[in-house]
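Read through the structure below, which is laid out as structure tokens, and then see the notes.
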Amino acid sequence: MRTALILLLLLALASVMGSLIPQYPNTPERVAQYKIDHGLFGSFLDRAGLFDVFGSWWFALITFLLFVSLVACLVPRTRALIRSLRSRPVQAREIDSFRHYAERNVAAAPEAVIAGSRRILRRRMFRVASDPARPALAAEKGAAREVGSLLFHWAFILILAGVIYGKGTGFSGYAVVVEGDTWIDAAANYDGQIRTGRFFGGDFTGTGLRLREFESAFRETGQPMDFVSRVDLIDADGSTIRSQDIRVNHPADVNGIRFYQINFGWAPRIVIRDAAGAAFDDTVVMDRDPAPEGIPDFAMPWRGVIKLPGAGEGSNAPDRAVELELWPDSRALFALLNGDEPQAMLTEFEPVIRYTVWDGRLTELATNAFDTTFMRETTSGILGAGRTVTLGGGDRAAGNGGGSSATIGFPDLKQYSVFQVSRDAGVPIVLLAAILILVGLLPALYTSRRKVWVRAEPAGTGAGSVLKVGGFALQRRPQFEDEFAKLLDALTDEAGGVPTDRGERERVSAP
Amino acid sequence: VTDLQWARVSNDAFTVALFAYLAAMVGYFAYLAFRREAIWKVSRAVAFAGLGANLISIIARGFAADRVPWGNMYEYSVLLSLLVVAGYLLIVEGMYKLRTLGGFALMFSVLTMAVAVSFLYVGPGPLVPALNSYWIKIHVQAAIWGSSLFALGGIVTILYLFQDRWERREIESLAAKQPPPIMGGAVDLSAPAGLDTDVDELGAAAVAAPKRGRLPSAQTLDRVAYRIIAFAFPIWTFAVIAGAIWAQEAWGRYWGWDPKETWSFITWVIYAGYLHARSTSGWKGRPAAVIALVGFVSLLITYYAVNLWIVGLHSYKGF
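If you read the protein sequences in the order shown, they are chains X and E. Taking my numbering, the leading residue of the first sequence gets 190, the next gets one more, and so forth. Taking my numbering, the leading residue of the second sequence gets -14, the next gets one more, and so forth.
Written out as structure tokens, the structure is:
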């Protein structure tokens, strides 16, 4: 037990470090800042795995050792418990030296006293064994304490099993879905990296989620009130399973995977046409600029970039990129231009987009990063919802007159919703283990093992006998004092004695 | 009655409760010092009055905000104060018949409320969507009940450590005053083998006599602290489990080593260590009490430090 406790303490100490040093899985941006701020010390922490304490090899090692020592502790205890549950209570040679002891003069004969006592003890849930040699009983009660304690401790092994199974075979990723679109559960459709377990078989379900509508509600203070994604859940064969509202605290559970409402944002539909026709016609998922200290989150504009390789104008068909800055509530932009206080943009109100067109060579085509090193700004402007404008700039120097033929349109503003999609088949196991922990904890803390011995000897004079009762409790001794006195009264009463008739040798509590 | 009026009722009742607790605290300390029955009766009555005002403050707050009144740190603190005082009156005074600890329990509530109103006050308002779940009733209630009982156990533990030290000193000084026993006419300066038990009895006698300014015996305090902590532990365990179930619903994972999760786990581990230490020979008494004290500090970190200074999902000081 001592080893297990020391390892548990080590685990707690590691957890303290994990809560004081920023952790990569929880707050990656703070880890990056910490590394910048602390230089050499930061890289030392990184080397030691202190930016991911709970995923580090030594945390796993402590956990592993803890469980090994726990099992090493529990196996003999469980064996001992089974042995003691199978065996009969052991007779005592001397019973008057126990912590509690009393004698009573009773009317019944010794054999009748023992038979009566057996009934009483059985009724009180004692396990009783009679002495073959003489009229005597040994009884005990309270195995629930050890059973509960073992249940409590074994349940942690079950938790470990549930965690390993659930995390090992499960995954977790993010799905970004624009209103009106359908997202399918397949590896390619996740946004960013999918966190998969070690035994994950790549068995995506093909389940579809169609986002009919996203709604957000805010208080006047700008405090968020409710986010709802109204979705249709579609099976892999294309049949609709059901329609559901997904909101914070109300995930959708379908085909073994769950969709959680995590985030949301704006996605304008943008149409760019050049001389050859439509170069781009899609919704653009925008990211919100991080708000500086003291400015409401929703006061910041949303940004996105459209990359059009080979769509630039001029000789050699350079690449083109259109940078977008969306103001869902144009009043906030005008407030900014007037030098007024920043305004939170909580609902759509005459949205506008400020765009900048770049021509040149695109470098990072695969990612969202936008590198302007090899590009130059050709034109920029402002565009209201429902409007289409001509991109004025273009490479006029080329003299082919194409410059002004391209247009950009902003027909529609939609919202997008971000879901966490995850599967953890271990959850029911862990939940069961958690329930067992509680179920085991209560008897382990609040019951006690008690042992009682009863003896009946013929009275020295006339009929009747002397009832002798001894006993002790291994835990909760003050409570047993009362229980023993009551048990003694019941035994005396059953044997035809007078409960108030205190024998000459009376000792209810310890010497 | 409008929300604004309810909010005023809540704030006024809070002030009444704070001052009632303060008065009762002074009264209980006076009772500890002078042991006059009348002082105790008055202090107890004032503490009950404060409890009533505290309860009104919480209920009115619930009406003002149209939701459960434990949605932010201010409200949590007010409820915590109520439960610590109620726990003291019911458990320590009611079940264990100890009247001298009232000043300390009330001091904890007074400090909690003073911190709440000075640094954590926010007007009654709605909850953020993440908190808007029926689990707030289950998880937060369990956490508050567990915390208040751990706090009460922590207070008794601190008093135990003081009393235990005082008793040891008293016994030492009594042993020093003992004249050397006379054996066979000669003065034997080395103590006979039986001296230890004699000293223990002397010490126990000195401690048993109720004296002015004296706390209950260390043994009693140790037992009461243990009872309260053993009562709190399953509640805290349940609070952590309920939190994990809620996290599974709200954040899509039952455990993510968020600072709050981490610290509630650390607190749990320390108290589990205390319960084991209590049943291990050589760890009973002082060493176990020191573990319980560390658990109490960890509890305070779990509540204050994690919410206010450590960035995580539970950093909702405001709403």
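In this text, a Cβ means the ideal position worked out from N, Cα and C, and glycines have one as well.
Got a sec: is the Cβ-Cβ distance from Leu293(E) to anything in chain X below 8 Å? no
Apart from the five residues on each side of it in sequence, which residues of its chain come closer than 6 Å, Cβ to Cβ, to Glu335(X)? Leu270
Proximal residues, the region 361 to 394 of chain X versus chain E, C-beta separation under 8 Å: Ser361
Thr287(E) in three-state terms, based on DSSP: helix
Could one say the Cβ of His261(E) lies closer than 8 Å to chain X's Cβ atoms, at least one of them? yes
Rounding to the nearest angstrom, what Cα-Cα distance links Phe357(X) and Phe389(X) in this structure? Per the sequence shown, residue 357(X) should be read as Gly rather than Phe. About 6 Å.
Less than 8 Å between the CB atoms is what I'm expecting for Ile255(E) and Ile276(E), so what's the real figure, rounded? 6 Å
Could you name the residues of the same chain whose beta carbon sits closer than 7 Å to that of Asp262(X), not counting the 5 residues immediately before and after it, in chain order? Checking the sequence shown, residue 262(X) turns out to be Cys, not Asp. Correct list, in chain order: Met190, Ala193.
Is there a Cβ from chain X that is less than 8 Å from the Cβ of Leu180(E)? Here the model assigns Leu180(E) a pLDDT of 42, short of 50, so the residue's position is not dependable and the matter cannot be decided.
Give me the chain E residues within the contact set of Leu621(X), using Cβ-Cβ distance strictly less than 8 Å, ordered along the chain. Under the 8 Å cutoff, chain E gives no residues; its nearest Cβ is about 12 Å from Leu621(X).
Counterpart residues of His342(X) in DSSP-defined beta bridges: The partner list for His342(X) (beta bridge, DSSP) is empty, contrary to what the question assumes.
Whole-angstrom Cβ separation of Gln212(X) and Phe240(X), contact assumed at under 8 Å? 6 Å
Spatial neighbours of Ile251(E) within its chain, please: CB distance less than 6 Å, with the 5 preceding and 5 following residues excluded, ordered by chain position. Ser283
Can you name, in chain order, every residue of its own chain whose Cβ lies under 8 Å from the Cβ of Pro479(X), other than the five neighbours on each side? Met489
Listing by chain order, which chain X residues have their CB less than 8 Å from the CB of Glu234(E)? Asn438, His439, Pro440
Taking the alpha carbon of Leu656(X) as the reference point, which residue from Thr636(X), Leu677(X), Ser637(X) has its own alpha carbon closest? Leu677(X)
Would you say the beta carbon of Ala128(E) comes nearer than 7 Å to a heavy atom of the ligand FAD? Inclusion of the ligand FAD in the displayed structure is not the case, the ligand content being empty and no account of it being possible.
For the region 195 to 222 of chain X, which residues have a beta carbon sitting closer than 9 Å to at least one beta carbon of chain E? Leu197, Leu198, Leu200, Ala201, Leu202, Ser204, Val205, Gly207, Ser208, Leu209, Pro211, Gln212, Pro214, Asn215, Thr216, Arg219
For Pro217(X), count neighbouring C-beta atoms within 10 Å of its own C-beta (all shown protein chains included) and say buried if the count is 16 or more, exposed if not. exposed
Let me see if you follow: with CB-CB separation under 8 Å, is Val77(E) close to chain X or not? no
Can you give me the C-alpha to C-alpha distance between Ser319(X) and Ala281(X), rounded to a whole angstrom? 11 Å
What separation, rounded to the nearest whole angstrom, lies between the Cα atoms of Gly139(E) and Ile214(E)? 8 Å
Under 8 Å (Cβ pairs) to chain E, residues found in the region 393 to 416 of chain X: Arg408, Thr410, Gln412, Pro413, Met414, Asp415, Phe416
Please report the straight-line C-alpha distance between Leu197(X) and Ile284(X), rounded to a whole angstrom. 41 Å
Here's the rule I'm using: 16 or more other beta-carbon atoms within 10 Å means buried, otherwise exposed. How should Ile624(X) be labelled? exposed
Do Trp253(E) and Val225(E) count as a contact pair if the criterion is CB distance below 8 Å? yes
Find out if the Cβ-Cβ distance for the pair Gly37(E), Ala9(E) is shorter than 8 Å. no
Thinking just about the alpha-carbon of each residue, which of Glu566(X), Phe673(X), Phe345(X), Asp508(X) is nearest to the one in Ile626(X)? Phe345(X)
According to DSSP, is Asp243(E) helix, strand or coil? coil
Boundaries of the beta strand (DSSP E) in which Asn452(X) is found, first to last residue: 446 to 463
Measure the alpha-carbon distance for Gln412(X) versus Asp235(X) and round it to whole angstroms. 37 Å
Between the C-alpha atoms of Met414(X) and Gly56(E), what's the straight-line distance to the nearest angstrom? 14 Å
Per DSSP, what kind of secondary structure is Val658(X) in: helix, strand or coil? strand
Where the alpha helix (DSSP H) through Gly204(X) begins and ends: Reading off the sequence, residue 204(X) comes out as Ser, not Gly. Segment 191 to 209, the alpha helix (DSSP H) holding Ser204(X).
Among the candidates Phe4(E), Val107(E), His124(E), Arg(-7)(E), whose CA atom is the shortest distance from the CA of Val31(E)? Phe4(E)
Give me the DSSP bridge partner(s) of Gln433(X). Val420(X)
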